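**Q** With the sequence shown counted from 1, adding 527 to any position gets you our numbering.
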Amino acid sequence: MLNSSFAQYAVSDFIDTYRSRTARIRRTLARASLVRFCNTMCHISDMMTSAMLFEKFITICAQSAMLLTACILLFTAFEYHRRPTTTTLLYVFALSVLSMTTSLGGFLATFTLDVMLAVALTVSFIALECYLTPLDDETLAFDLEIIGGIYNINTITGQTITSLEVEEQYALTTDRDYALLERIMGPGMHTRLGNDNATQFNYVMDEIQATNATQVLEIGCGRGHSRVLAQMMPNVQFTGIDLVERHIEVAKSRGLANLEYIQADATTDISWLGKNRFQIIFGVESLCHMDSDEKRSQFIANVKSLIAPGGRLVIVDGFRSNTFATASPNQQKAMMLTESGFAIMRMPSKTDWIQAAQGVVTSNKDLTADAMPYWILGWRIARFIMVFPIFMHYYSRRSRATMCTIMNLLSVATVAHAMRNSAAAEYGVLVVMYQTDQ
Ligand SMILES: C[S@@+](CC[C@H](N)C(=O)[O-])C[C@H]1O[C@@H](n2cnc3c(N)ncnc32)[C@H](O)[C@@H]1O
């Protein structure tokens, strides 16, 4: 009995001790977890506070940067658009919105949205400004001032340009640039006339049909855009020559059975192509590179040797207009800038060609009005980029290639000015026939 009650006592004592210990351990553990939990929470809150501070710091920096950008843009806007127009005011308004939304904490839900809104507004107002600016003498004077700030107009115009330099300039444009140009423009690195970017080739086709030509030579075939002709006329054999090796490589890779491409300079002796072989010799925006009396006379010597009796030379191109000498000094300057940007020393006029060609002119078409909308669009796009002359100034000095890109862009900005009222430049087709064996 005793033993049994002792045993019972011992067991219950053990259980009590066990319970109280367990409770203590639990309490200790609970306290420890609470402390750990509190510590973790404090840690998190510390982190959140510093993250919020960091975010605030970043926001303030970004807002200050945007405000600074807005001020620079505003300054550029006043510099660029000195004439007070409605669009200038709208432009300034857009810039004010930009500064307000970014510096005063924003109108919209998030800072990013504010910035996106302001940038979208600014870009659209600049575009509107470029779209509405009239093509006139006053704008030309202003554009020349901007261009003059980017590079020295006087040192780049009127310089002698060799075939090597022409080749170098075209070769500096990358495959990617040409691919982009083709995607935007369709087949050709030439002026778009009306809705069709192959219109130039229709004028050539008319002459091929009129002479029942079987052999046609293209001067300055570029990357082989005239293959549309070879596709339409499978019974005619086409030969294309170009200065630039890469152009010929690309043209060959797109070749057709009735097409042959050769790298050659048309201002050197190319009579080896075959005496009296071709009924048609043509160039689409490549013969403008025959920019001196010497180059033209060497080229015409080639034409006379290669052309079949009754054959025709077809020139589809831009020309210095005959009124160039009486055009305003600024329009003359615009034309000279256009020329040098396209690696041309002095673009020949139709009269220069008629004198050099020594044949019978059978067609002389003026297509300036058809070319104008395209060049006006080009001028507006170029002006959109010219809003940032500082960027262009530095970008143009990075390398020879970037200088070429900027010069091309600025040439695009000046063509429309030169062509306005056909004062300094014109666009058209000139056809010269060679009646007898020369
Ligand atoms: C504006 S691109 C026109 C290319 C092509 N005709 C087209 O419409 O797409 C002028 C081309 O003429 C070429 N070229 C310039 N001078 C040349 C010369 N002396 N002999 C051969 N090709 C020349 C250039 O290499 C360039 O590819």
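Built from N, CA and C at the ideal position, the CB exists for glycine as well.
Note that the structure is predicted; figures quoted are calculated from it, not measured.
1. What are the partner residues of Phe765, as DSSP defines its beta bridges?
2. Look at the alpha carbon of Thr612 and the alpha carbon of Ser813, and state the distance between them as a whole number of angstroms.
3. Here's the rule: buried if 16 or more other CB atoms are within 10 angstroms of the residue's CB, otherwise exposed. What is Met919?
4. Taking Leu840 as part of the beta strand (DSSP E), name the residues at either end of that continuous run.
5. Quick check on the burial criterion: 16 or more other C-beta atoms within 10 angstroms. Buried or exposed for Glu473?
6. CA-CA distance, Arg719 and Trp902?
7. Per DSSP, what kind of secondary structure is Asn566 in: helix, strand or coil?
8. Who are the Cβ neighbours of Pro916 in its own chain at under 7 Å, not counting the five residues just before and after it?
9. Using only the heavy atoms of ligand 1, determine whether one of them is closer than 8 Å to the beta carbon of Leu770.
10. Would you say the region 796-807 touches the region 835-849, given that touching needs at least three Cβ pairs under 8 Å?
11. When the Cα atoms are used, what is the spatial distance from Asp664 to Gln764?
12. Any chance the CB of Thr794 is under 8 Å from a heavy atom of ligand 1?
13. Please state the DSSP three-state secondary structure of Thr941.
14. Using three-state DSSP, classify Thr889 as helix, strand or coil.
15. Quick one: grab the DSSP three-state call for Ser577.
16. Under DSSP, the beta strand (DSSP E) around Gly955 begins and ends at which residues?
17. Do Asp818 and Ile908 count as a contact pair if the criterion is CB distance below 9 Å?
18. Taking Val771 as part of the beta strand (DSSP E), name the residues at either end of that continuous run.
19. Rounded to whole angstroms, how far is the Cβ of Leu786 from the Cβ of Ala828, which I believe are closer than 8 Å?
20. At the level of alpha carbons, what is the spacing between Ala898 and Val755?
21. Is Leu667 closer than 9 Å to Asn857 when the C-beta atoms are compared?
22. Can Arg750 and Val777 be called in contact, C-beta distance under 9 Å?
23. CB-CB under 6 Å to Gln790, same chain, minus the five flanking residues each way: which ones, in chain order?
24. Answer with buried or exposed for Asp543, where buried requires no fewer than 16 other C-beta atoms within 10 angstroms of its C-beta.
25. Given Gln742, which residues of its chain have a CB within under 7 Å of its CB, disregarding the five upstream and five downstream residues?
26. Specify the secondary structure class of Val811 as computed by DSSP and reduced to three states.
27. Would you tell me roughly how many angstroms separate the C-alpha atoms of Met862 and His944, rounded to the nearest one?
28. What residues are listed by DSSP as bridge partners for Asp723?
29. Is Val731 near ligand 1 - that is, is its Cβ less than 8 Å away from at least one heavy atom of it?
30. My guess is that Ala950 and Ala854 are in contact by the Cβ rule of under 8 Å, so how many angstroms apart are they, rounded?
31. Less than 9 Å between the beta carbons of Val942 and Gly845, yes or no?
32. Have a look at Tyr954 and Asp893 and give me their C-alpha separation to the nearest angstrom.
33. By DSSP, does Ser967 sit in helix, in strand, or in coil?
34. Give the single residue among Ala928, Met872, Trp799 whose Cα lies nearest to the Cα of Thr701.
35. For Phe805, which residues does DSSP report across the bridge?
**A** Let's see:
1. Val743, Leu786
2. Since pLDDT at Thr612 reaches only 48, below the 50 mark, its modelled position is unreliable, and the value read off the structure follows with that caveat. Rounded to the nearest angstrom, the two C-alpha atoms are 40 Å apart.
3. buried
4. 834-847
5. Outside the displayed span of the chain (528 to 965) sits residue 473, for which this structure offers no information.
6. 8 Å
7. helix
8. Ile673, Gly676, Ile677
9. yes
10. yes
11. 48 Å
12. yes
13. helix
14. strand
15. helix
16. 952-961
17. no
18. Premise fails: Val771 is in no beta strand (DSSP E) and is neither H nor E.
19. With a Cβ gap of about 26 Å, Leu786 and Ala828 do not count as contacting.
20. 21 Å
21. yes
22. yes
23. Glu772, Ile775
24. exposed
25. Gln764, Arg804, Phe805, Gln806
26. strand
27. 8 Å
28. Leu720
29. no
30. 4 Å
31. yes
32. 6 Å
33. Nothing can be reported for residue 967, as the shown portion of the chain is limited to 528 through 965.
34. Ala928
35. Ile834
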